[in-house]
Structures are given as C-alpha cells and as structure tokens.
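Trainee: The structure's right below; bear with me while I get my questions together.
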Amino acid sequence: MSKQLSMLDCPVVFEGENERGLSSPDLCPSFGITRGLTSRHIGVRDGRMLCLCIWENEAACRSCFDGEWHERAEALWGDRYQLRITAFETADAA
Numbered sequence: 001m002s003k004q005l006s007m008l009d010c011p012v013v014f015e016g017e018n019e020r021g022l023s024s025p026d027l028c029p030s031f032g033i034t035r036g037l038t039s040r041h042i043g044v045r046d047g048r049m050l051c052l053c054i055w056e057n058e059a060a061c062r063s064c065f066d067g068e069w070h071e072r073a074e075a076l077w078g079d080r081y082q083l084r085i086t087a088f089e090t091a092d093a094a
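Quick note on numbering: our numbering labels position 62 of the sequence shown as 62, and the sequence is numbered without any gaps.
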C-alpha cells in the first residue's frame with residue numbers, strides 16, 4: 001500500500017508579521033481535522049519550522065496542498081519555503 005510523506009521546511013512567521021494574520025503553523029495540516037492525515041510532527045530550530053506529515057494516499061495529500069495553499073504559502077514565505085512530497089510503500093499487516 002502506498003502512502004505519502006510531505007515535508008514542509010519554512011521560516012517561522014508570527015500572526016502580527018504579515019497582512020493576512022497567518023502564522024507558519026496555520027499552513028500546516030491539522031491532525032484530526034485534515035482528511036487523510038495519519039501523522040504530523042513539527043519541530044523548530046534556528047527560526048525555521050519543519051513539518052513532517054504522513055498521508056493515507058496521494059489524493060489526500062494533494063487536496064491539502066492545493067493551489068490555494070500554495071498562494072497562501074507564497075504570500076507568507078515567498079521563496080523561503082520548500083515542500084516535498086514523496087510516496088513510500090508500507091507492508092500490509094498479515
């Protein structure tokens with residue numbers, strides 16, 4: 001079974017630092033709310049945030065990181081962020 005791993009690397013931005021009132025975590029998928037998200041881990045170091053997510057499938061991942069998400073990310077971080085999405089295989093439980 002193929003799952004997806006998304007890796008978001010971005011600067012830490014606070015709500016009061018931009019016109020939209022967004023913070024960096026606002027653009028991260030929310031566990032328990034975002035459909036198809038099975039795991040989320042966030043770490044911050046040296047003013048940068050890394051958000052790793054595991055998704056049930058590619059469709060769920062791509063629906064989160066859609067065109068609207070990319071527009072908001074561009075407005076918040078400009079070219080200072082990277083989003084990588086990678087498929088990986090998991091073994092089915094016997």
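Ideal Cβ placement from N, Cα and C applies to all residues, glycine included.
Going by Cα to Cα distance, which pick from Leu37, Cys10 and Glu17 is closest to arginine 48?
Mentor: Cys10
Trainee: Leaving out the 5 sequence neighbours to the left and right, which residues in its chain are closer than 7 Å to alanine 75 when beta-carbon positions are compared?
Mentor: Arg20
Trainee: So what's glutamate 89 in DSSP terms, helix, strand or just coil?
Mentor: strand
Trainee: Do the CB positions of isoleucine 42 and cysteine 53 come within less than 7 Å of each other?
Mentor: By the CB criterion at 7 Å, isoleucine 42 and cysteine 53 fall outside the cutoff.
Trainee: Distance, Cα to Cα, proline 29 vs cysteine 64?
Mentor: In this structure, the CA atom of proline 29 is about 7 Å from the CA atom of cysteine 64.
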